[in-house]
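Take a look at the structure set out below.
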Amino acid sequence: MISAGDFRNGITIELDNNIYQIIEFQHVKPGKGAAFVRTKLKNIKSGGVVEKTFRPTEKCPQARIDRKDMQYLYSDGDLFNFMDTENYEQIALNSETVGDTLKFVKENEMVKVCSHNGSVFAIEPPLFVELEITETEPGFKGDTATGATKPAVVETGATVYVPLFVNQGDVIKIDTRTGEYLSRV
Numbered sequence: 000m001i002s003a004g005d006f007r008n009g010i011t012i013e014l015d016n017n018i019y020q021i022i023e024f025q026h027v028k029p030g031k032g033a034a035f036v037r038t039k040l041k042n043i044k045s046g047g048v049v050e051k052t053f054r055p056t057e058k059c060p061q062a063r064i065d066r067k068d069m070q071y072l073y074s075d076g077d078l079f080n081f082m083d084t085e086n087y088e089q090i091a092l093n094s095e096t097v098g099d100t101l102k103f104v105k106e107n108e109m110v111k112v113c114s115h116n117g118s119v120f121a122i123e124p125p126l127f128v129e130l131e132i133t134e135t136e137p138g139f140k141g142d143t144a145t146g147a148t149k150p151a152v153v154e155t156g157a158t159v160y161v162p163l164f165v166n167q168g169d170v171i172k173i174d175t176r177t178g179e180y181l182s183r184v
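Quick note: the sequence shown, position 113, residue 112 per numbering that gives the first Met the number 0, numbers continuous.
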C-alpha cells in the first residue's frame, strides 16, 4: 500500500479495479481547509487519462508491473509473435494489445513485454532504433535556413520526417517515443 502523500511520477497503483500510472501529481495546501493531492492518472490498459484528488492519508495498493525482455519474431495477419529468449516459449498477441508500438521495430529485435498478473497489456520498443530508408525524394539545395524536412519511409514501413540531406539507402537513428529523426549512422 502506498499513501497519497508518497505519490511520485511513474508509480503504478490499483484503483477501481483498474491499473493507473501517475503522470502528474501536486500537493495542494489551501489557506482554508485540509491539504489534498491532485493527480493525473493514465489507465495503462485503455490509455485514457483521468484527474483525481486524494487526501494525503488515503492509501492505494501499488500495482506490480512485470517487464520481460522478449524477441519480436514476426507478424501473422492480426497476430504478433514474441519469444522468451531464456526458455524459448512463444506468445502471440493481437494487434489491439500491440497497437502501433512496433512500427519502428524490425523482426528479431528485443522488446519489453509489460504484464500485470499474467495478462499482457503493452509492448515497449527499444528507445532508439537504427533503420534504413527505403524510399524518399531527393533533397534539393536551396532554402534550408528554416530546417526543412521531407517525408521518408523506413524499412518497417513507417514514415519519418528527415532533413533534406538524407537520401534513400541511408541508415538513420530514430527515437521510438516521438518518432523523430535523430541522426544518420
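Glycine residues also receive a C-beta, built at the ideal position from the N, C-alpha and C atoms.
Keep in mind the model is a prediction, meaning the values are calculated, not measured.
- In the structure shown, aspartate 5 falls within a helical segment according to DSSP collapsed to helix, strand and coil.
- Put simply, of Ser118, Gly9, Ile22, Leu130 the residue whose alpha carbon is nearest the alpha carbon of threonine 96 is Ser118.
- By the Cβ neighbour-count rule, phenylalanine 127 is exposed, with fewer than 16 other Cβ atoms within 10 Å of its own.
- Under the three-state reduction of DSSP output, threonine 100 falls in the coil class, being neither helix nor strand.
- By the criterion of a C-beta distance shorter than 6 Å, glutamate 57 is surrounded in its chain by Ala3, once the five residues flanking it on both sides are discounted.
- Relative to asparagine 80, the option among Leu40, Ile122, Val27, Thr177 whose CA is nearest is Ile122.
- Judged by DSSP in its simplified three-state form, glutamate 95 adopts helix.
- Apart from sequence neighbours up to five positions away, the residues of its chain that approach phenylalanine 24 with a beta-carbon distance below 8 Å are Phe6, Arg7, Asn8, Val36, Arg37, Thr38, Lys39, ordered along the chain.
- Taking the Cβ atoms as the reference, arginine 176 lies roughly 13 Å from lysine 111, outside the contact range of under 8 Å.
- In terms of Cβ geometry, glutamine 20 and lysine 41 form a close pair [threshold 8 Å].
- Per the C-alpha coordinates, the member of Cys59, Ala34, Phe103, Phe53 positioned closest to isoleucine 18 is Cys59.
- If only complete runs of 4 or more residues are kept, the region 15-103 shows the alpha helix (DSSP H) at 94-97, in order along the chain.
- Residue burial annotation: valine 104 is buried, with at least 16 other C-beta atoms found within 10 angstroms of its C-beta.
- Secondary structure note for leucine 181: its beta strand (DSSP E) is the uninterrupted segment 179-183.
- Less than 8 Å divides the Cβ of glutamate 108 from the Cβ of tyrosine 71.
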